[in-house]
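In this note's numbering, the protein residues as written are 2 to 310.
Here's what the structure looks like:
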């Protein structure tokens, strides 16, 4: 009985010893691997990058327009493209009637659009500029079909006299870069991310803390823009040139943002300035030059000698 108990004690002691040995081996290996990672880090290179600061501008387009009615009832046949087109004063824009058709002519030179959106005569600079309410959303233009029946005095479309300035009232976030543009009286904007930039004239500005309300004159007025009055543009305020690196290469240390830059066989912490971008990239505006080598995983790095090859 004592023999069996002694053998069990020996077996337990042996198992504990083996377990301690394995634990110690794992611990030593972990130390070695940690040291290996620090002294043989993965690296990345700073590549040239440009970043354009853009912010949304949500607003409402404004223009002068005249609703066109028909003096007689009957089927309406338009002579302009389905979505509207440019006409001169006196041009035939439609014929109305059954057997004997009456020609309807453009009262002025401009764009004739065979459709309405229901907001004709309801919007003006005065109504939109008053207060700090959100700009309302408007529906898209509803086009009349070719050959539809109109009653006497019924609507058949609208005419937008040309030339005239296309205007817009809307809101944007107020940044120092945008404030500089507003003081110059011009802002750069585009209709979409890949569209060209245009210079819009700033007519009136109302600052509201971190927001600003703008009344603009736009440099373009194509006929297809009347499809919808409520719009969203992008204001381009400033272009920055610098470099980009993976976000994992950037770390905050003692309240300072920085990277571990590698020079020769030595890594040192270097303060940088920048902003995070999409796709796990970080845009550096100050502190790095194109071609600089930095440690890829900054949270595993330290200053000192490194082996790269």
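Glycine included, each C-beta is placed from N, C-alpha and C at the ideal position.
Next on the checklist: At the level of alpha carbons, what is the spacing between residue 2 and residue 303?
Outcome noted: Taking the chain shown and counting its residues from 1, the one referred to as residue 2 is at position 1. Taking the chain shown and counting its residues from 1, the one referred to as residue 303 is at position 302. In this prediction, residue 2 has a pLDDT of 49, which is less than 50 and means its spatial position is unreliable; what the coordinates show is noted afterwards. Cα to Cα, the separation comes out at about 59 Å.
Item to check | Segments of 3+ residues assigned as beta strand (DSSP E) that fall wholly inside the region 134–201 | outcome: 156–162, 167–174, 187–191
Next on the checklist: Tell me which residue opens and which closes the alpha helix (DSSP H) that residue 128 is part of.
Outcome noted: For the purposes of this step, residue 128 is taken as the residue at position 127 of the chain shown. Taken as a continuous stretch (DSSP letters only), the alpha helix (DSSP H) holding residue 128 covers 126–130.
Next on the checklist: Between which two residues does the beta strand (DSSP E) holding residue 102 run?
Outcome noted: Residue 102 sits at position 101 when you count from the first residue of the chain shown. Per DSSP, residue 102 is not a residue of any beta strand (DSSP E), being assigned neither H nor E.
Checklist entry - Which residue from 126, 286, 140 puts its Cα closest to that of residue 241? => result For the purposes of this step, residue 241 is taken as residue 240 along the chain shown, with counting starting at 1. Closest option to residue 241, Cα to Cα, is 286.
Item to check | Residue of 69, 50, 132 minimising C-alpha distance to residue 208 | outcome: The residue you call residue 208 lines up with position 207 of the chain shown. Residue 208 has its Cα closest to that of 132, out of 69, 50, 132.
Item to check | Short Cβ contact (8 Å threshold) for residue 159 with residue 68 | outcome: Residue 159 sits at position 158 when you count from the first residue of the chain shown. Residue 68 sits at position 67 when you count from the first residue of the chain shown. With respect to residue 68, residue 159 sits close: the two C-beta atoms are nearer than 8 Å.
Checklist entry - What number of angstroms, rounded off, separates the C-alpha of residue 127 from the C-alpha of residue 174? => result Within the chain shown, residue 127 is the residue found at index 126, counting from 1. Within the chain shown, residue 174 is the residue found at index 173, counting from 1. Residue 127 and residue 174: Cα-Cα distance of roughly 22 Å.
Next on the checklist: Do residue 136 and residue 237 have their beta-carbon atoms positioned less than 8 Å apart in this structure?
Outcome noted: For the purposes of this step, residue 237 is taken as residue 236 along the chain shown, with counting starting at 1. For the purposes of this step, residue 136 is taken as residue 135 along the chain shown, with counting starting at 1. Cβ distance not < 8 Å, so residue 237 and residue 136 don't count as in contact.
Next on the checklist: Just to check my reading of the structure: residue 106 and residue 91 have Cβ atoms closer than 8 Å, yes? What is that Cβ distance to the nearest angstrom?
Outcome noted: Here residue 106 refers to the residue found at position 105 of the chain shown. Here residue 91 refers to the residue found at position 90 of the chain shown. That belief holds up - the Cβ atoms of residue 106 and residue 91 are roughly 5 Å apart, short of 8 Å.
Next on the checklist: Give the list of continuous alpha helix (DSSP H) stretches no shorter than 4 residues that lie fully inside the region 53–98.
Outcome noted: none
Checklist entry - Would you report the Cα separation of residue 21 and residue 301, rounded to the nearest angstrom? => result Translated into positions along the chain shown, residue 21 becomes position 20. Translated into positions along the chain shown, residue 301 becomes position 300. Looking at the two C-alpha atoms, the distance is approximately 28 Å.
Next on the checklist: Relative to the C-alpha of residue 284, which candidate in 53, 219, 89, 59 has its C-alpha closest?
Outcome noted: Start at 1 with the first residue of the chain shown, and residue 284 comes out as number 283. Of the candidates 53, 219, 89, 59, the one whose C-alpha sits nearest the C-alpha of residue 284 is 53.
Checklist entry - What's the C-alpha gap between residue 146 and residue 95? => result Position 145 of the chain shown, counting from 1, holds the residue named residue 146. Position 94 of the chain shown, counting from 1, holds the residue named residue 95. When rounded, the distance between both Cα atoms is 12 Å.
Checklist entry - What three-state label does DSSP hand residue 229 in the structure shown? => result Within the chain shown, numbered from 1, the residue matching residue 229 stands at position 228. If DSSP states are grouped into helix, strand and coil, residue 229 belongs with coil.
Checklist entry - Which residues share a DSSP beta bridge with residue 272? => result Within the chain shown, the letter at position 271 stands for residue 272. Bridge partners of residue 272: 259.
Next on the checklist: Let me check one thing: in DSSP terms, what residues is residue 45 bridge-paired to?
Outcome noted: For this step, residue 45 is matched to residue 44 along the chain shown. Paired residue(s): 295.
Item to check | Cβ neighbours of residue 277 in the same chain (closer than 7 Å, five flanking residues each side left out) | outcome: Here residue 277 refers to the residue found at position 276 when the chain shown is read from its first residue. The residues are 248, 283.
Checklist entry - Whose C-beta lies closer than 8 Å to the C-beta of residue 141 among residues of the same chain, with five residues either side of it excluded? => result For the purposes of this step, residue 141 is identified with residue 140 of the chain shown, where counting begins at 1. Same-chain partners within the cutoff: 118, 228, 229.
Checklist entry - Does the beta-carbon distance from residue 205 to residue 44 come in below 8 Å? => result Here residue 205 corresponds to residue number 204 of the chain shown, with the count starting at 1. Here residue 44 corresponds to residue number 43 of the chain shown, with the count starting at 1. It is not a contact, given that the beta carbons lie outside the stated cut-off.
Item to check | Boundaries (first-last residue) of the beta strand (DSSP E) holding residue 254 | outcome: Taking the first residue of the chain shown as position 1, residue 254 is located at position 253. 252–254 is the span of the beta strand (DSSP E), which, as asked, contains residue 254.
Checklist entry - Apart from the five residues just before and just after residue 83, which ones in its own chain have a Cβ nearer than 8 Å to its Cβ? => result Residue mapping note: residue 83 aligns to position 82 of the chain shown, counting from 1. Around residue 83: 115, 144, 147.
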